[in-house]
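Student:
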Amino acid sequence: GGYWMYSDKYPPPYTYSQQVCEDTYLNHGDCVKAAKYCPSDLMNWVYVKAGKPYPRLNATGFLHKMKNKRIMFLGCSLMRQQILALMWTLGYDSIAWNETEPEDEECTTRRRCFTDEKHNITFCHQFMGTFATKVYYEGNYTLDHSLRGRGDSSCLLEDSNIAVISSFDLVFVQSVAWWTNLGTHLDSPTSPKEWVDKLLPMVYYDAMKELLTKISVQTETVFVLGQIGVDCKEKTLPEPFSIDRIPPDHGGTRHQSFGILHCICC
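Per my numbering: the sequence shown = residues 55 to 320.
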């Protein structure tokens with residue numbers, strides 16, 4: 055495998071500045087956190103594999119290949135920060151994001167988009183919290199995800215929203231962080247946190263399986279791994295993804311692949 059090494063010999067993929075963040079942010083909190091927690095020399099760390107720095111993104115080549123394409127980044131703040139890193143790497147230092155709120159006011163899945171007029175490339179980030187495909191029962195316990203409130207993105211599974219997501223030429227999906235506190239949000243006498251936490255792998259598996267199956271049969275889909283217990287050792291390039299990659303302790307019955315889905319490790 056590779057490793058991270060500090061070096062000032064290689065030019066960083068982009069030069070971060072507070073001003074650029076202020077002029078491009080999707081969430082102002084990211085700029086505040088960056089100023090507070092990120093060291094000024096953070097971009098001097100390079101990933102080394104086989105004794106050589108991992109190739110940097112060719113911004114010019116990317117813009118040429120993605121011309122006339124629409125790209126969606128679907129996920130929480132981790133995905134939001136990834137799309138911003140891409141924007142900065144491509145050289146954008148000022149972005150006016152167009153915002154679209156979901157028709158269902160109770161569904162947390164705001165979408166923001168930016169179009170590069172020169173290359174006719176549309177970049178979008180759509181928030182995705184947690185969701186469930188059904189109500190789960192076990193004895194006297196019930197897991198009804200609709201009780202979560204803020205962070206409930208169940209409407210993404212509706213046909214109208216699947217159609218919107220599938221209309222993009224390339225969709226990146228990452229969903230982990232918001233799932234970790236689902237038990238806390240649903241904690242009650244009939245849905246105790248300890249029980250929800252135990253059931254969480256199955257709920258996550260069922261939800262992601264349905265979402266990814268629906269969109270991956272209609273458009274090219276990339277499932278961003280690295281935080282769901284999947285072995286990413288020696289994995290640096292996209293490859294065909296099978297549901298069997300998800301460990302058994304993540305719940306569910308592993309038997310179906312996600313169509314044309316591919317994966318990358320972050």
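In this text, a Cβ means the ideal position worked out from N, Cα and C, and glycines have one as well.
This structure is a prediction, so every number in the text was calculated from the model and none was measured.
Across which residues does DSSP place Lys103 in a beta bridge pair?
Tutor: As a first step, residue 103 must be located in the sequence shown, where it is residue number 49. Its beta-bridge partners are Lys106.
Student: Using the DSSP secondary-structure output, state which residues sit across from Val218 in a beta bridge.
Tutor: As a first step, residue 218 must be located in the sequence shown, where it is residue number 164. Paired residues: none, contrary to the question.
Student: Taking the straight line between their C-alpha atoms, what separation do you get for Tyr108 and Gly237?
Tutor: Position 54 of the sequence shown, counted from the start, is the residue given in the question as residue 108. Position 183 of the sequence shown, counted from the start, is the residue given in the question as residue 237. One C-alpha to the other measures close to 39 Å.
Student: Would you call the region 173-192 and the region 231-249 touching, i.e. three or more CB-CB distances under 8 Å?
Tutor: Judged by Cβ distances under 8 Å, the region 173-192 makes contact with the region 231-249, as three or more pairs qualify.
Student: Can you pull the DSSP bridge partners for Gly237?
Tutor: In the sequence shown, counting from the first residue as 1, residue 237 sits at position 183. Bridge partners of Gly237: none, in fact.
Student: Counting along the chain, where does the alpha helix (DSSP H) carrying Arg134 start and finish?
Tutor: Counted from its first residue, the sequence shown places residue 134 at position 80. Where Arg134 is concerned, the enclosing alpha helix (DSSP H) stretches over Ser131 to Thr143.
Student: Rounded to whole angstroms, what is the Cα-Cα separation between Trp232 and Val225?
Tutor: Position 178 of the sequence shown holds residue 232. Position 171 of the sequence shown holds residue 225. Straight-line Cα distance between these residues: approximately 19 Å.
Student: So what does Tyr190 bridge to, in DSSP terms?
Tutor: Here residue 190 is taken as the residue at index 136 of the sequence shown, counted from 1. Answer is Leu197, bridged to Tyr190.
Student: Measuring only the C-alpha atoms, how far is Tyr64 from Val102?
Tutor: To locate residue 64, count along the sequence shown from 1; it is residue 10. To locate residue 102, count along the sequence shown from 1; it is residue 48. Taking the straight line joining both Cα atoms gives about 12 Å.
Student: Counting C-beta neighbours from all protein chains within 10 Å, is the total for Phe295 16 or more, i.e. buried, or is it exposed?
Tutor: Along the sequence shown, one-based indexing puts residue 295 at 241. Here the model assigns Phe295 a pLDDT of 48, short of 50, so the residue's position is not dependable, and the following value carries that caveat. Looking at its Cβ environment, which holds 16 or more other Cβ atoms inside 10 Å, Phe295 is buried.
Student: For the alpha helix (DSSP H) containing Trp249, list its first residue and its last residue.
Tutor: Here residue 249 is taken as the residue at index 195 of the sequence shown, counted from 1. Note, Trp249: alpha helix (DSSP H), Lys247 to Ser270.
Student: So, are the CB atoms of Ile219 and Phe177 less than 8 Å apart?
Tutor: For the purposes of this step, residue 219 is taken as residue 165 along the sequence shown, with counting starting at 1. For the purposes of this step, residue 177 is taken as residue 123 along the sequence shown, with counting starting at 1. Contact: no.
Student: Report buried or exposed for Gly129, applying the criterion of at least 16 other Cβ atoms within 10 angstroms of its Cβ.
Tutor: By 1-based counting over the sequence shown, the position of residue 129 is 75. So Gly129 ends up on the buried side.
Student: What does the Cβ neighbour count give for Asn215, buried or exposed, with the cut at 16 atoms within 10 Å?
Tutor: On the sequence shown, position 161 is the one that residue 215 refers to. That one is buried.
Student: Counting only runs that start and end within the region 60-95, where is the alpha helix (DSSP H) found for 4 or more residues in a row?
Tutor: Fully enclosed alpha helix (DSSP H) runs of 4 or longer: 72-78 and 82-91.
Student: Expressed to the nearest angstrom, what Euclidean distance is found between the alpha-carbon atoms of Val74 and Cys167?
Tutor: Position 20 of the sequence shown, counting from 1, holds the residue named residue 74. Position 113 of the sequence shown, counting from 1, holds the residue named residue 167. Going from the Cα of Val74 to the Cα of Cys167 covers about 18 Å.
Student: Hey, Val278 and Gln228: beta-carbon distance below 8 Å or not?
Tutor: Locating residue 278 in the sequence shown gives position 224, where the first residue counts as 1. Locating residue 228 in the sequence shown gives position 174, where the first residue counts as 1. For Val278 and Gln228, yes; Cβs fall inside 8 Å.
Student: Alpha carbon to alpha carbon, how far is Cys161 from Met59?
Tutor: Residue 161 sits at position 107 when you count from the first residue of the sequence shown. Residue 59 sits at position 5 when you count from the first residue of the sequence shown. Whole-angstrom Cα-Cα distance: 42 Å.
Student: Smallest Cα separation from Thr78: which of Arg110, Leu144 and Ser61?
Tutor: Looking up residue 78 in the sequence shown gives position 24. When only C-alpha atoms are compared, the closest one is Leu144.
Student: Taking one C-beta from the region 199-212 and one from the region 146-166 each time, how about it: are there three or more such pairs within less than 8 Å?
Tutor: As far as the Cβ criterion goes, the region 199-212 touches the region 146-166, which means the pair count is three or higher.
Student: How far does the beta strand (DSSP E) with Phe116 in it extend, from its first residue to its last?
Tutor: Here residue 116 refers to the residue found at position 62 when the sequence shown is read from its first residue. Unbroken run through Phe116 is the alpha helix (DSSP H), Ala113 to Lys119; no beta strand (DSSP E).
Student: Looking only at DSSP bridge pairs, what is Phe226 linked to?
Tutor: Counting from one through the sequence shown, the residue named residue 226 turns up at place 172. Beta-bridge pairing links Phe226 to Phe127 and Val276.
Student: Is it true that the CB of Asp62 sits closer than 8 Å to the CB of Asn98?
Tutor: Indexing the sequence shown from 1 puts residue 98 at position 44. Indexing the sequence shown from 1 puts residue 62 at position 8. Cβ distance < 8 Å, so Asn98 and Asp62 count as in contact.
Student: Name the two residues that bound the continuous beta strand (DSSP E) containing Asn152.
Tutor: Indexing the sequence shown from 1 puts residue 152 at position 98. Its beta strand (DSSP E) spans residues Asn152 to Thr154.
Student: By DSSP, does Ser208 sit in helix, in strand, or in coil?
Tutor: Stepping through the sequence shown from its first residue, residue 208 is reached at position 154. Three-state DSSP puts Ser208 in a helix.
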